[in-house]
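Asks:
In our numbering, the protein residues as written are 8 to 603.
1. Which of the three DSSP states, helix, strand or coil, is assigned to residue 353?
2. What does a CB cutoff of less than 7 Å around residue 84 pick up in its chain, not counting 5 residues either side in sequence?
3. Please report the straight-line C-alpha distance between residue 533 and residue 527, rounded to a whole angstrom.
4. Going by CA-CA distance only, name the one from 354, 133 and 459 that's closest to residue 99.
5. Just to check my reading of the structure: residue 433 and residue 249 have Cβ atoms closer than 8 Å, yes? What is that Cβ distance to the nearest angstrom?
6. Measure how close the beta-carbons of residue 118 and residue 220 come, nearest whole angstrom, since I'm counting them as under 8 Å.
7. Assuming residue 293 is part of the alpha helix (DSSP H), what are its boundary residues?
8. Which stretch, first to last residue, makes up the alpha helix (DSSP H) that contains residue 473?
9. Going straight from the alpha carbon of residue 20 to that of residue 180, what length do you get?
10. Determine the extent of the alpha helix (DSSP H) in which residue 314 is found, giving its start and end residues.
11. Looking at residue 299 and the ligand COA, is the gap between the Cβ and the nearest heavy atom below 7 Å?
12. What are the uninterrupted segments assigned as alpha helix (DSSP H) that are 4 or more residues long and contained completely in the stretch 229-253, given in chain order?
13. In the DSSP assignment, find the alpha helix (DSSP H) that holds residue 452 and state where it starts and stops.
14. If we ignore side chains and look at the alpha-carbon of each, how far apart do residue 150 and residue 303 end up?
15. By DSSP, does residue 88 sit in helix, in strand, or in coil?
16. For residue 427, name the three-state secondary structure that DSSP assigns.
17. Per DSSP, what kind of secondary structure is residue 47 in: helix, strand or coil?
18. Chain D beta carbons: is any one of them nearer than 8 Å to that of residue 201?
19. Just verifying my parser: in three-state terms, what is the DSSP assignment at residue 333?
20. Under the assumption that residue 494 contacts residue 68 (Cβ atoms under 8 Å), give the Cβ distance between them as a whole number of angstroms.
21. Select from 418, 382, 113 and 328 the residue whose C-alpha is nearest the C-alpha of residue 234.
22. Anyone know if the C-beta pair for residue 154 and residue 314 falls short of 8 Å?
23. Would you mind stating whether residue 194 and residue 176 have Cβ atoms separated by less than 8 Å?
24. Quick check: residue 242 and residue 228, are their CB atoms within less than 8 Å of each other?
25. Note down the Cα distance separating residue 288 from residue 311, rounded to an integer number of angstroms.
26. Cutting at 6 Å between CB atoms, please list the residues of its own chain near residue 88, excluding the five before and the five after it.
27. Going by C-alpha to C-alpha distance, which of 215, 453 and 36 sits closest to residue 479?
28. Check whether the stretch 27-39 and the stretch 276-294 touch, using three or more Cβ-Cβ pairs below 8 Å as the test.
29. Do the CB positions of residue 73 and residue 157 come within less than 8 Å of each other?
30. Hey, out of 66, 489 and 427, whose CA is closest to residue 278's CA?
31. What are the boundary residues of the alpha helix (DSSP H) that residue 114 is part of?
32. Does DSSP put residue 179 in a helix, in a strand, or in coil?
33. At the level of alpha carbons, what is the spacing between residue 499 and residue 145?
34. Where residue 267 and residue 430 are concerned, what is the direct C-alpha to C-alpha distance, given to the nearest angstrom?
35. Here's the rule: buried if 16 or more other CB atoms are within 10 angstroms of the residue's CB, otherwise exposed. What is residue 543?
36. By DSSP, does residue 259 sit in helix, in strand, or in coil?
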């Protein structure tokens, strides 16, 4: 695309994104259904190989993403606006914080809210020893590591690049455009298709992993309530029913109802949290929350780089079950969450985006684990116990319901938790299918319903396939495996973001220098020529307009696209930047094409 040409922002289905991803995922589903034993053996070997050879890599890049996010937030890039210079935030600060938490609040928090702290307490990381109180504290600290800054830093990396591309440069809602500053026009062809295929497959497996966790826990809750036995048949039936509800909502277009359902679920989750806090050991839970934040901050650097290197096979097994799984899961979820937080952050500055995304959801997540996980650990150390087996094992599927069942109104709480997970299943499937349809259509913010239905069904089939070939372990393997190729995309996104921000700052600094020279000459009568004039180049329109306004008036520097005659939808302050970024393509090439 040449400067001055319009940008096509409503592309149709991208065949070279949709079909490769569909073939890979449906082929995988067919293989697991036809030869489940072979698939399970392959999963076991694949997980062992990745954990053995790449766990250090997952740990290293997760720590790098935290450092990168902090660097961008504290740097001079922090003042760059994610939108045009005159754009104001679409949502109030309070609403924006609520939406950020909604992006991360889902099935995983409900599934692991009780079971993870309890598991780390009963079976600590290999190499960790101490008294009962020390083990309780390290259990909460380890949980905070997995659900804290690292998870949200991964989302910051992709979400920030997408927000800049979408709101500042006017690009479609698709992962490829996050890498445009690095790859240039190549994002419009095969390289862009490959990036979107990797993102689409990763998102499918990430959503399927969450759906699988949700159905496992719903089955356990129904069994504890005496309604149905939890087995493979009942789990498949639950997936079928909830997916049918999702499809009906997609076909009938009850999007408003889905928003109401999502808000209702957040209220239900908050009610569950407050109830446990009030009827449980309130003072202990609040003290444990504060103390655990301090322990996390004190130990986060060391824990961030811990790969249990001296613990041999036991350390590898633990890494695969916990830290490596989480870093892979967050990376596979990055396209889904990244697109969401990018879309709601128009008008925010880079600094607001980074620290809002890093701190607010993290703090609320810590409170969730401190209350639910803290109540479970307190019951084991100072109460009736019963959540940890005689062999030290924790039933991660039913631990939540066991804890809630012994509280006042336990039956109501149990059904409330089942409802909470079920609604999260529906909303995750609905919003996940929307994001995947947008990627497959090249950024269409209102993709066709048939496309959304297709991805909702495929995600459900994928969840069924994973449950049939290893259950929870297969779900973890899927997250770890699909994250490996997408991690390369995330690292390239960091590089691309720095390139884009450097170009923007250089252009902004140039504009400021030229305006400053004009003011020096205007106030003191100095013979000062702008650099562009000394070289015979065309001066910037902004500078020419400032000259025509006379002397004695303060000037305002703007990097808005309205101030500079660049091509449509571009908001870079320097026409030369977009020329370098958008070299002339082949005849007829537009953003809307899929390269096929």
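Even for Gly, the Cβ is constructed at its ideal location relative to N, Cα and C.
Replies: This is what the structure gives:
1. Three-state result, residue 353: coil.
2. Within the same chain, residue 84 has close Cβ partners 357, 508 and 512.
3. For residue 533, the predicted model reports a pLDDT of 49, less than 50, meaning its position is unreliable and no value from the coordinates is stated.
4. It is 354.
5. Contact holds; Cβ gap of about 6 Å.
6. The pair is a contact, with the Cβ atoms about 5 Å apart (cut-off 8 Å).
7. Per DSSP, residue 293 belongs to the alpha helix (DSSP H) from 289-311.
8. Following the DSSP letters along the chain, one finds residue 473 inside the alpha helix (DSSP H) bounded by residues 456-475.
9. Looking at the two C-alpha atoms, the distance is approximately 13 Å.
10. Neither: residue 314 is in no alpha helix (DSSP H) and is coded neither H nor E.
11. The model on display carries no ligand, and the ligand COA is accordingly not part of it.
12. With a minimum length of 4 residues, no continuous alpha helix (DSSP H) run stays inside the stretch 229-253.
13. Counting along the chain, residue 452 falls outside any alpha helix (DSSP H), and DSSP gives it neither H nor E.
14. Pairing residue 150 with residue 303, the inter-Cα distance amounts to about 9 Å.
15. In this structure, residue 88 counts as strand in the three-state DSSP scheme.
16. In the displayed model, residue 427 falls within a helix according to three-state DSSP.
17. If DSSP states are grouped into helix, strand and coil, residue 47 belongs with the helices.
18. The chain labelled as chain D is not found in the depicted structure, where only one protein chain is given.
19. Here DSSP, grouped into helix, strand and coil, assigns residue 333 to helix.
20. About 6 Å separates the Cβ atoms of residue 494 and residue 68, confirming a contact at the 8 Å cut-off.
21. The shortest C-alpha separation from residue 234 is found at 418.
22. No.
23. No, the Cβ-Cβ distance between residue 194 and residue 176 is not below 8 Å.
24. Contact: no.
25. When rounded, the distance between both Cα atoms is 31 Å.
26. Taking C-beta separations shorter than 6 Å and ignoring five residues to either side along the sequence, the partners of residue 88 in its chain run 356, following chain order.
27. Looking at the Cα atoms, 215 is the closest of the given residues.
28. No, they do not touch.
29. Contact annotation: residue 73 and residue 157 have beta-carbon atoms nearer than 8 Å.
30. Per the C-alpha coordinates, the member of 66, 489 and 427 positioned closest to residue 278 is 427.
31. Its alpha helix (DSSP H) spans residues 114-129.
32. Here residue 179 sits in coil by DSSP.
33. If I take the Cα positions, the gap works out to 34 Å.
34. Across the structure, residue 267 and residue 430 are spaced so that their CA atoms are roughly 11 Å apart.
35. Unreliable positioning characterises residue 543 in this predicted model, as indicated by a pLDDT of 45, which lies under 50. The coordinate reading is nonetheless provided below. Exposed, since its Cβ has fewer than 16 Cβ neighbours within 10 Å.
36. When DSSP states are grouped into helix, strand and coil, residue 259 belongs to the helix group.
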